[in-house]
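Since the structure comes first, as structure tokens, the remarks are kept for the end.
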């Protein structure tokens, strides 16, 4: 048995131990215990990554998959069995690093953040469970194992979101997250059933091999049988993507994500920034050869949904006033980037740039978004509120957080040389070569991103006076809260410099990343404009600006009037972008998409009430139904067999 | 040609159906029980008509001697036997009648459509054969079902005793 | 003997069956419902015996089946009457309409 | 010797019946604790003996059949009965008729065993009645409670009616084929109106027992009224036995009527899942709630069986194992709470986790399993059912099933929310549960958590199902 299995086992052990005995015997030790196990997992991941990338991963200049652990778990039929195992290939190694690293950071951060919480041990056991399931999902060798851990991830995130279960909103949110994602999982399950039905295997390697070989009978069967005019293979892949879209909060299955912010903030950092929400991207990447080679139509769906979600979420993010909700929508937007990057990619060589870019962005995004959430956690910890209006002027009280947040914002905005720039750049290049429309939407979205991120930044740290009465006594938090922020801040700055293309590509062959500065000018310019807009509007308090204006008197006013700068700005940003696009988008999101799901619930109840007549409590009526049912069934049968 | 046995079959059938119908429509419960008795006697005579004396005897002993008597006793226990029965509302009656007629229609049609190959081989209904088979262990024997029924009767008896015996209130 | 076709027996038994069904659906009193059940069981017995006699006389399966049905009917009737009597104690009535506390 | 070996399960039950009868006759005022102890020991012995291997074959010229899957089912039923008996200790202590209660329960179990092993229609019918009539009497064991009497009345009258329909069907099958033997019948059965009519009526009789919609209407009322141990027995043991018989009948006896029963399963499973769910959403009483949830589960099982292969049978039998553990755990908690505090509604479960964490967690895990959430066994059970159903390539059915599983989540979570998240001033105080209950619940929990992940269980059932 390979030591790799420890990566999985350690968090699981920690879950069991702190889950069963934590509250009674371990108390505060539970945190240390969980953190230690995750640290151990992280160390093993790093060594694995080192060995894989630099020692034994390459065969003939190409990274190939390894199966250090693989045992048959149960047999359906002699030629269809389910395995449990560990798959090591570039993306799984990368994900192992990301998950263990972010999880470690969140564990350390929570030592301070959750201190004094009554159910401290339970919290850590849930965190460990989540880490365990996420790791199991990442290393799955077959689609069924993926599904099991996929569901486990759902359960543990349900537990974590609903952690503050005395808050009704938290309960509602966790329930919503659970049900919406389960709804999407239904698609995933159906997709699995279709794919495995035609390929005759659940193993990723078999599925990929059988569906990418144009002469294989499995592929022929899957293409030739169709339903509603679409081939079974497309159905399967699209359904799998729907599963992924549910977890990755793609439109219209994203409704759970903003509400899920009810959970503890470190949890949001772990689940809703870095790990669980990218599971959908990871899933598509896992099956990428099938999408790219055999079914470009399905890949196109991925691209369209991705880019739409990205733009849609960015627009809504501009309107939100809850700091975590802004981050939630920005996550959705960034995942949209990853998704459409996959969607515009081809398989192998230079064409596979999008794939590599998507994975790269996943990697960098995990780091800076986790940092953003942790910073947000510190801010919320400090002011005891999620609302932007309760914040402002926090620069002095939270100096480290201020810097860290700034770095993360620069990274997400794609300003060189921060990490986000490099990955986003690759994505835009890939999009440019594939589809111009997608490219333009993406570029504008990138500009919007920097606008809303810096809006958030200035509203928190600059605008207005520090709200002293809400100020708390514990300052910026313990060192356990600060250390992860500092580490992650370094990561956000430096992660972009990794020559990612050498390691993670669609076909395992290294790819030379090249930054074309001429090409980059436009996105950088747009992002900078976004930042300038944000500075203009949000750096200073609006009221203060008016006071200032009255001081300078008519000169200032006439100057301003003359130039009509303000009006133009007003008109363009507030009237058009905000009122005409962003607000309606937010309204649509809140009332139509969200409302649809609520309506389904209501309709079920109404239906349930109207059918209650059936259960009348009268045994004779019951028997009459029995007889009537029998006769109907009998006639149906005879009719079907054409015996009537 | 209508010979006596043919006529008697139809007479018996008419008899048992009529009394069956009366049993389910009578207004007074005691009368209803008596009509049921008649109908069961009709069925017994149908068995006689088919030369199945043993079955007819069992029918008379168990049904008429046992079950109907049991029913009549329970009527005396629970009901003022002379009073009129509560009656179902008309819509229910119509519904039930429609359902019954409909069901009868379907099943009778299907039966009538089936071509049955009738034989004239006589049945072996000697008491000896029946008794022998009842206790035979072979494939066409009924020893195991017989034992099963005995356990069922035992269980039913125990159940009846527990349920019907007067209970101490307050204890289940 | 065979001057009566089998189908006549079957029609009679089916008719009796549905007479019983009608009674079962319309009777309010539980004991009369039980009587309807007895009618139905008897109609099935006729079926078995007729099939046995006219179609498959080589073995006595149908005959035995009806013997066993009679035994079962006795057991069923006994338990049902015990239950009805108990119900009479708790509800002071044996109208099936009055025993529908549980519904929906 | 053959007879003793092959029928050891049944003979053991008969033996227990005799012992109980003798003891009851010679009874001179023993305490209820004594009775319960003796009977549980007997049941444990019975359970052990049942798990010993049995040879396969026929007895009495094919009237009695012993086959691997059936024997597995019998052992499972014995185990379930033992668990139910363990958790009903508190209820039984109040009961005046312990010996009689067990006599009836064991007769019922004997009926189910014979039903599983029946080799002809007569045995099938008789054992079906043997497993129903005493059960109706058991429903009435809450002797002074109005609801109990009502439940018993509803059960006996409606099951009498359904067995009348089934008998009619059997008579047609007999008339068409001239045999009551399953082996012979399976060869000569064909798609003529008479056979179809007989088959459909027989099917309805079984479907009634399985509470398949629209033959399910008795279920909730009977579950609600009967004493909790009886409800558990009815819902778990009786249903499980019926599933095994059902798959035996469909696959083995009526294999050539495949077209008709596939259609029936297809339509009825959809109706059953939907109706069960829709009604479950509204229920306030826990027992009624579980009644409708079990109806929904039956719908899923039908989906699995309709997969029409060894895989279909395997997945449904596997699901029975899961279902048995999950439901017994749930009923164990319900019975404890109903017995100690008299509360049965979901709203009275509010805040249960506060004072009774063990009961609440047991209930939560059982419900998770019923809802099919990993890592509980229910998740795997449902996956396998869907997988088996999908082997026909009919995705509509699978989609409906999967959709229903998601709707079902809503109401399972409702109970969990009540137990863990809602506050209640009048919440149930700390209940001290006896050791037998704890043992029973612990076994169920282990079963729920282990069965899913242990591949051998599924594979073992798979090897058994190949014979069917």
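Protein chains in written order, with the numbering used here: chain A, 1 to 644; chain B, 645 to 816; chain C, 817 to 920; chain D, 921 to 1388.
C-beta: ideal position from N, C-alpha, C; glycine also.
Bounds of the alpha helix (DSSP H) holding residue 426 of chain A are 419–434. Residue 697 of chain B has no beta-bridge partner at all, per DSSP. With respect to the 8 Å criterion, residue 1256 of chain D and residue 1351 of chain D are classified as neighbours on the basis of their beta carbons. Taking a cut-off of 8 Å for Cβ pairs, the region 730–744 of chain B and the region 829–846 of chain C touch, as three or more such pairs fall below it.
Rounded to the nearest whole angstrom, the C-alpha separation of residue 800 of chain B and residue 155 of chain A is 49 Å. Taking a contact to require three or more Cβ pairs closer than 8 Å, the region 427–445 of chain A and the region 372–380 of chain A do not qualify as touching. Remark: C-beta atoms of residue 992 of chain D and residue 1381 of chain D approach each other more closely than 8 Å. Under a criterion of Cβ atoms nearer than 9 Å, no residue of chain D is adjacent to residue 661 of chain B; the nearest Cβ is some 17 Å distant. Residue 651 of chain B and residue 870 of chain C have their C-alpha atoms some 19 Å from each other.
Residues are counted here when their Cβ sits less than 7 Å from a Cβ of chain B; for the region 1051–1062 of chain D these are 1053, 1054, 1057, 1060, 1061, 1062, given in chain order. Contact between the region 209–224 of chain A and the region 288–303 of chain A is present, with at least three C-beta pairs closer than 8 Å.
Beta bridge pairing from DSSP links residue 116 of chain A with no other residue. Closer than 8 Å to the CB of residue 624 of chain A there is at least one CB belonging to chain C. Taking all protein chains shown into account, residue 1001 of chain D has 16 or more neighbouring C-beta atoms within 10 Å of its C-beta and is therefore buried. Taken in chain order, the members of the region 764–795 of chain B whose beta-carbon sits within less than 8 Å of a beta-carbon on chain D are 781, 782, 783, 784, 785, 786, 787, 788, 789, 792, 793, 795. Partner residues in a beta bridge of residue 219 of chain A, as assigned by DSSP, do not exist. Each of D:1183, D:1041, D:989, D:962 was checked against the Cα of residue 1092 of chain D, and the nearest Cα belongs to D:1041. Out of D:1198, D:955, D:987, the CA that lies nearest to the CA of residue 602 of chain A is found in D:1198. Near chain B, meaning a CB-to-CB distance below 7 Å, the residues of the region 1017–1049 of chain D are 1017, 1020, 1023, 1024, 1027, 1030, 1034, 1042, 1043, 1046, 1047, 1049. For residue 374 of chain A, the uninterrupted alpha helix (DSSP H) run begins and ends at 353–383, by DSSP. Exposed is the label assigned to residue 387 of chain A, since fewer than 16 other Cβ atoms lie within 10 Å of its Cβ.
Beyond the five residues adjoining it in sequence on each side, residue 190 of chain A comes within less than 6 Å, by CB distance, of 239 in the same chain, given in chain order. Here DSSP, grouped into helix, strand and coil, assigns residue 1265 of chain D to strand. Minimum Cα-Cα distance from residue 1027 of chain D among the listed residues D:998, D:1007, D:1182, D:1270 corresponds to D:998. The beta carbon of residue 650 of chain B falls within 8 Å of a beta carbon belonging to chain C, placing the residue at that interface. Under the three-state reduction of DSSP, residue 991 of chain D is assigned to helix. At least one beta carbon of chain B lies nearer than 8 Å to the beta carbon of residue 893 of chain C.
Runs of the alpha helix (DSSP H) spanning 4 or more residues and lying entirely within the region 702–726 of chain B occur at 712–722, in chain order. Not flagged as an interface residue toward chain B: residue 1218 of chain D, since no C-beta distance is shorter than 8 Å. For a Cβ distance threshold of 9 Å, residue set 620, 624 of chain A lies close to residue 740 of chain B, ordered along the chain. Take residue 872 of chain C, set aside five residues on each side of it, and the residues of its chain with a beta-carbon closer than 8 Å to its own are 878, in chain order. The closest CA to that of residue 915 of chain C, considering only D:1366, D:1030, D:1070, D:1024, is found on D:1070. Within chain C, no residue has its beta carbon less than 8 Å from that of residue 638 of chain A; the closest one is some 17 Å off. Taking CB atoms only, residue 1064 of chain D has a neighbour in chain C less than 8 Å away. The Cβ atoms of residue 153 of chain A and residue 339 of chain A lie no closer than 8 Å to each other.
Within a 10 Å sphere around the beta-carbon of residue 50 of chain A sit fewer than 16 other beta-carbons, which makes this residue exposed.
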